[in-house]
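Residue numbering for the sequence shown follows our numbering, beginning at 27 and increasing consecutively.
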Amino acid sequence: AFVGEVDPRSDQWSFCVTTLEALTGRRPFEAHRFSELLTAIREATPRPPSRRAGVPPRVWTILARGLAKDADDRWADMETLIAALEDTVDGRRRRLAATGASLFLSLLTGSLAAARSSEQPQCRVDAEALAGVWDPPRREALRAGFSAAGPALGERPLAHAEASLDHWRDAWLAGQRDACTATRVDGLASEARLDARTACYARKRSELRAIVDLLSSGEPEPIARSAEVLAALPSLDDCADEQLVETRFPVPEARADAIDDAYARILELRTLARIGRIDDADRALEVLRSELPSLDYRPLTIEVQALAGEQAAWHLDYEPAVEQTLAAVRTAEALRLDDLVARERVRLAATMAGFWGQPERERWLVEDAAAALARLEREAGPLAVDLDDARGRLAGRAGDFDGALAHFGRALAAAEALGDVQKLTMSRAALARTHAALGDFDRAATELDAAAATIREQLGPSAPSLAELEVDRALLAMQRGDFDGAAAPLERATAIFARAYGPGSAAAARAELAAGRLALLQGDLDGAEQAFTRAAGPGVSPYHLPDAQEALGVIAFYRGDYRGSIAAYQRALALRRRQVGDDHPELAILHSNLGESFAALQEYDEALAAFDRSLTLLERSLPADHPDLALPLKGRGQVRLALGSPALAAVDLERALSLHTQHPGEPLERADVEFSLALALAALGEDPRADELARSAQAHFLELQQDERADEIARWLGAR
Numbered sequence: 027a028f029v030g031e032v033d034p035r036s037d038q039w040s041f042c043v044t045t046l047e048a049l050t051g052r053r054p055f056e057a058h059r060f061s062e063l064l065t066a067i068r069e070a071t072p073r074p075p076s077r078r079a080g081v082p083p084r085v086w087t088i089l090a091r092g093l094a095k096d097a098d099d100r101w102a103d104m105e106t107l108i109a110a111l112e113d114t115v116d117g118r119r120r121r122l123a124a125t126g127a128s129l130f131l132s133l134l135t136g137s138l139a140a141a142r143s144s145e146q147p148q149c150r151v152d153a154e155a156l157a158g159v160w161d162p163p164r165r166e167a168l169r170a171g172f173s174a175a176g177p178a179l180g181e182r183p184l185a186h187a188e189a190s191l192d193h194w195r196d197a198w199l200a201g202q203r204d205a206c207t208a209t210r211v212d213g214l215a216s217e218a219r220l221d222a223r224t225a226c227y228a229r230k231r232s233e234l235r236a237i238v239d240l241l242s243s244g245e246p247e248p249i250a251r252s253a254e255v256l257a258a259l260p261s262l263d264d265c266a267d268e269q270l271v272e273t274r275f276p277v278p279e280a281r282a283d284a285i286d287d288a289y290a291r292i293l294e295l296r297t298l299a300r301i302g303r304i305d306d307a308d309r310a311l312e313v314l315r316s317e318l319p320s321l322d323y324r325p326l327t328i329e330v331q332a333l334a335g336e337q338a339a340w341h342l343d344y345e346p347a348v349e350q351t352l353a354a355v356r357t358a359e360a361l362r363l364d365d366l367v368a369r370e371r372v373r374l375a376a377t378m379a380g381f382w383g384q385p386e387r388e389r390w391l392v393e394d395a396a397a398a399l400a401r402l403e404r405e406a407g408p409l410a411v412d413l414d415d416a417r418g419r420l421a422g423r424a425g426d427f428d429g430a431l432a433h434f435g436r437a438l439a440a441a442e443a444l445g446d447v448q449k450l451t452m453s454r455a456a457l458a459r460t461h462a463a464l465g466d467f468d469r470a471a472t473e474l475d476a477a478a479a480t481i482r483e484q485l486g487p488s489a490p491s492l493a494e495l496e497v498d499r500a501l502l503a504m505q506r507g508d509f510d511g512a513a514a515p516l517e518r519a520t521a522i523f524a525r526a527y528g529p530g531s532a533a534a535a536r537a538e539l540a541a542g543r544l545a546l547l548q549g550d551l552d553g554a555e556q557a558f559t560r561a562a563g564p565g566v567s568p569y570h571l572p573d574a575q576e577a578l579g580v581i582a583f584y585r586g587d588y589r590g591s592i593a594a595y596q597r598a599l600a601l602r603r604r605q606v607g608d609d610h611p612e613l614a615i616l617h618s619n620l621g622e623s624f625a626a627l628q629e630y631d632e633a634l635a636a637f638d639r640s641l642t643l644l645e646r647s648l649p650a651d652h653p654d655l656a657l658p659l660k661g662r663g664q665v666r667l668a669l670g671s672p673a674l675a676a677v678d679l680e681r682a683l684s685l686h687t688q689h690p691g692e693p694l695e696r697a698d699v700e701f702s703l704a705l706a707l708a709a710l711g712e713d714p715r716a717d718e719l720a721r722s723a724q725a726h727f728l729e730l731q732q733d734e735r736a737d738e739i740a741r742w743l744g745a746r
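Okay, structure coming up:
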């Protein structure tokens with residue numbers, strides 16, 4: 027609730043909020059979203075209770091002072107605040123009882139008693155408990171880290187980081203107090219239970235230190251992607267769980283600090299992988315593995331075993347990722363480590379669903395994750411968002427776009443409730459892509475606009491996550507055939523990436539790929555080649571590298587270098603196969619591109635086999651009217667025409683043209699389909715439509731400055 031130093035005046039704020047809620051049934055600050063709540067706490071005036079609530083003005087005045095924005099304007103300490111309220115209660119006790127306001131009196135008296143109890147030395151947990159982790163010197167280090175990363179990001183990311191860390195601090199302190207009160211004051215829990223919860227909170231404190239370290243480093247990646255780093259803040263829910271791991275596996279006191287440090291390093295290396303620093307994460311994991319035997323703590327050992335699967339997934343090596351993660355999960359299940367099982371199963375499902383290319387096995391992973399999450403018997407929080415997102419991707423891959431919208435919508439609602447900017451943005455982007463797949467481009471644009479507004483509000487106009495949304499805007503404009511509308515968002519994305527990471531950063535690879543695609547669609551082969559070459563440069567994510575190699579193959583094809591295009595496609599195919607295996611639908615377009623190059627070399631048997639393979643992969647996973655089917659249909663039709671089967675060719679080419687009509691955005695491809703279909707129809711004697719299609723193709727080629735193709739059609743028409 028505060029941005030600043032925590033001292034005895036800070037505890038007043040939580041007490042006053044809780045007391046007002048008990049007295050009136052409402053909090054002084056309310057909002058539908060966590061981000062709105064933070065804004066209200068920072069900027070809004072506390073709402074006075076209504077007359078019907080029966081709160082005397084003097085009591086409201088005392089509590090309102092405890093809610094002051096500036097700590098200097100509050101009571102000197104909790105003792106002074108409580109004394110003021112007790113004086114008020116004593117002076118009004120008889121009058122309140124006489125007027126029938128005994129309920130109010132009992133509620134306020136109960137709040138005071140609870141406050142007195144929590145102030146007992148045995149349960150007093152204050153900011154000193156986080157000294158050296160999140161305190162005034164660490165706050166200054168955080169500010170210095172953001173400043174060192176440069177002024178390009180503006181002030182909002184720092185404000186968001188401080189508010190998020192303060193909110194986590196308040197929850198951690200409250201949890202520690204609750205644990206102590208349950209045992210030492212209320213007598214509801216055993217000393218062993220208190221020891222277990224205290225050990226859990228100690229582990230979380232170490233993990234918080236890792237987050238603050240990253241954000242204080244002054245390095246560009248964690249600062250620029252601070253929302254993703256903050257999304258890794260450890261959940262505190264499991265410290266209140268009846269089945270928390272420390273209950274069944276007490277942390278050995280002699281090794282407690284080293285074990286807590288190991289958990290902090292696990293969180294740090296996971297976060298490094300999340301923000302793209304895979305090499306650093308790999309090195310950190312190798313060091314941790316070497317130290318593991320000396321720590322001798324079974325839950326930690328299993329967690330590191332699960333990390334082997336996560337590491338394989340970082341490198342897009344999916345089969346071992348599944349095998350190694352599930353091996354660790356089965357060990358954890360045997361030991362009834364339900365929290366670890368749920369986290370790892372959800373993480374695996376979220377990583378694989380929609381990406382692995384094995385829909386049935388992906389569904390099993392999602393179902394198993396849902397069952398593991400249900401066993402926790404508590405609010406699932408961020409894990410529920412990840413699981414619904416995974417379900418949405420599965421539904422979309424299966425062509426169930428309505429189901430995908432429902433799952434992404436639930437993920438969005440949960441992310442909004444959590445105030446998780448990163449997950450909220452991802453859910454809206456997923457909704458946008460699904461609406462675009464349904465042809466509802468306006469709804470898609472609305473979702474992207476809403477996501478961008480949230481990013482600007484919380485993180486400012488220079489956040490890299492906003493650049494990712496600008497790339498999405500550009501791709502959406504290309505789908506609509508609005509090439510002019512695609513250029514501006516790409517320019518904005520490139521500028522944001524350059525400010526955050528420097529010119530030519532590998533982080534901008536996705537923007538470069540989109541820029542190359544736009545240049546290619548506009549017939550600018552030189553511009554496209556330059557963009558694709560940059561996208562294939564050093565340090566580029568292994569996820570984007572196959573796309574860049576494939577794109578360079580396309581350029582070679584259009585330049586007439588068919589052998590060069592085959593070599594580039596085969597490099598891309600080898601890279602992608604290592605990631606997803608042989609049967610993933612993402613390989614289909616590569617097979618189709620290979621077919622085109624073989625056909626251009628008149629190697630028709632190889633071409634036909636490549637197109638057949640492409641269609642087999644696509645038709646397994648896509649609906650019949652999906653635009654991705656157009657390319658292999660065109661290619662197979664052209665090969666059949668070359669082999670003297672115009673009737674079979676016309677069937678494929680008619681389907682391809684229909685798909686281009688339904689999904690505009692590839693005018694060069696459409697023109698090629700039109701002329702090929704014209705040739706097939708002419709061979710079948712359907713001259714009027716053949717001539718009409720040829721003239722349409724000629725006009726498109728001229729518009730795209732493909733003069734040689736236009737001249738070819740002119741010669742064909744002239745010879746008829």
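From the three backbone atoms N, C-alpha and C, an ideal C-beta is built for every residue, glycine too. Predicted model, so just to flag it, every value in this text is computed and none were measured.
Nearest by alpha-carbon distance to residue i: which of the options is it?
i, options, result
"E622", "A290, E612, R639, D609", "R639"
"L719", "E538, E700, A178, L730", "E700"
"P690", "L399, L431, Q505", "Q505"
"V447", "S722, L259, A636", "L259"
"L743", "D733, Q337, Q724", "Q724"
"E629", "D713, P72, R597, Y588", "Y588"
"S722", "I739, E734, G711", "I739"
"A656", "S671, L694, D631, A290", "L694"
"S242", "A187, A736, A668, P74", "A187"
"D609", "Q384, D306, Q596, H461", "Q384"
Decide if residue i is buried, meaning its Cβ has at least 16 other Cβ atoms within 10 Å, or exposed.
i, result
"V411", "buried"
"S232", "buried"
"R52", "exposed"
"A360", "exposed"
"T480", "buried"
"T125", "For T125, the pLDDT reaches just 39, beneath the cut-off of 50, and the residue's location in the model is therefore unreliable, although a value from the coordinates is still provided. Under this definition T125 is an exposed residue."
"T520", "buried"
"G335", "buried"
"Q731", "exposed"
"P564", "exposed"
"G746", "Reading off the sequence shown, one finds Arg at residue 746, where the question assumed Gly. Answer is exposed; the Cβ neighbour count stays below 16."
"G670", "exposed"
"R373", "buried"
Ordered along the chain, which non-local residues of its own chain (more than five positions away) have a Cβ less than 6 Å from that of residue i?
i, result
"E47", "R53"
"R159", "Sequence check: residue 159 is Val here, not Arg. The residues are R231, L234, R235."
"A406", "L399"
"I20", "Residue 20 falls outside the range modelled here, since the chain spans only 27 to 746, and no answer is possible."
"A123", "Residue confidence is low: A123 scores 42 on pLDDT, short of 50, so the model does not pin down where it sits. Its coordinate-derived value is still stated next. Nothing meets the Cβ criterion."
"S143", "Low confidence applies here, because S143 scores a pLDDT of 46, under 50, leaving its location unreliable; read the following figure in that light. Same-chain partners within the cutoff: V211."
Who are the near neighbours of residue i in its chain, counting only those whose CB is closer than 7 Å to its CB and skipping five residues on each side?
i, result
"M378", "Y344, V348, E388, L391"
"A416", "A375, A376, A379, V392"
"A284", "L321"
"G553", "A545"
Starting from the C-beta of residue i, find all residues in its chain whose C-beta is less than 8 Å away, skip the five residues before and the five after it, and write them out in chain order.
i, result
"R315", "V330"
"L495", "T451, A455, L474, A477, A478, I481"
Next on the checklist: Three or more C-beta pairs under 8 Å: does that hold for the stretch 571-582 against the stretch 540-559?
Outcome noted: Contact between the stretch 571-582 and the stretch 540-559 is present, with at least three C-beta pairs closer than 8 Å.
Checklist entry - Does the pairing of the stretch 201-212 with the stretch 275-290 give three or more beta-carbon distances under 8 Å? => result The stretch 275-290 and the stretch 201-212 do not touch, with fewer than three beta-carbon pairs separated by less than 8 Å.
Checklist entry - Using 8 Å as the Cβ pair cut-off and three pairs as the minimum, do the stretch 392-402 and the stretch 284-304 touch? => result Result no; under three Cβ-Cβ pairs closer than 8 Å.
Checklist entry - Any contact of the stretch 641-650 with the stretch 607-621, i.e. 3+ C-beta pairs under 8 Å? => result With a cut-off of 8 Å, the stretch 607-621 and the stretch 641-650 count as touching, because enough Cβ pairs lie within range.
Item to check | Start-end ranges of the alpha helix (DSSP H) lying completely within the stretch 534-563, minimum 4 residues | outcome: DSSP runs (the alpha helix (DSSP H)) wholly in the stretch 534-563: 535-547, 551-561.
Checklist entry - Any chance the stretch 523-540 sits against the stretch 557-573, with 3 or more Cβ pairs inside 8 Å? => result Flag = yes, the stretch 523-540 and the stretch 557-573 touch.
Checklist entry - Should the stretch 522-533 be regarded as contacting the stretch 712-729, the criterion being three or more beta carbon pairs within less than 8 Å? => result No: fewer than three Cβ pairs fall under 8 Å.
Item to check | Length at least 4, wholly inside the stretch 611-681: the alpha helix (DSSP H) runs in chain order | outcome: Every alpha helix (DSSP H) stretch that sits fully inside the stretch 611-681 and reaches 4 residues is listed by chain position as 613-626, 630-647, 656-668.
Next on the checklist: Quick test of the definition: if touching needs 3 or more C-beta pairs under 8 Å, does the stretch 398-415 touch the stretch 656-667?
Outcome noted: The stretch 398-415 vs the stretch 656-667: no contact.
Next on the checklist: Does the structure place the stretch 184-193 close enough to the stretch 147-156 that three or more beta carbon pairs sit under 8 Å?
Outcome noted: Flag = no, the stretch 147-156 and the stretch 184-193 do not touch.
Next on the checklist: So within the stretch 689-722, which uninterrupted beta strand (DSSP E) runs reach at least 3 residues, ignoring any that extend past its ends?
Outcome noted: Whole beta strand (DSSP E) segments, 3+ residues: zero.
Checklist entry - Using 8 Å as the threshold, is the stretch 463-471 in touch with the stretch 434-451, meaning 3 or more CB pairs across them? => result No, because fewer than three Cβ pairs between the stretch 463-471 and the stretch 434-451 fall closer than 8 Å, the two stretches do not touch.
Next on the checklist: I'd like the ranges of any alpha helix (DSSP H) spanning at least 4 consecutive residues and lying wholly in the stretch 377-448.
Outcome noted: 385-400, 408-423, 427-444, all fully within the stretch 377-448.
Checklist entry - Can you list the alpha helix (DSSP H) stretches of 4 or more residues lying completely in the stretch 292-367, in chain order? => result Counting whole runs of 4 or more residues, the stretch 292-367 contains the alpha helix (DSSP H) stretches 304-321, 324-340, 344-360.
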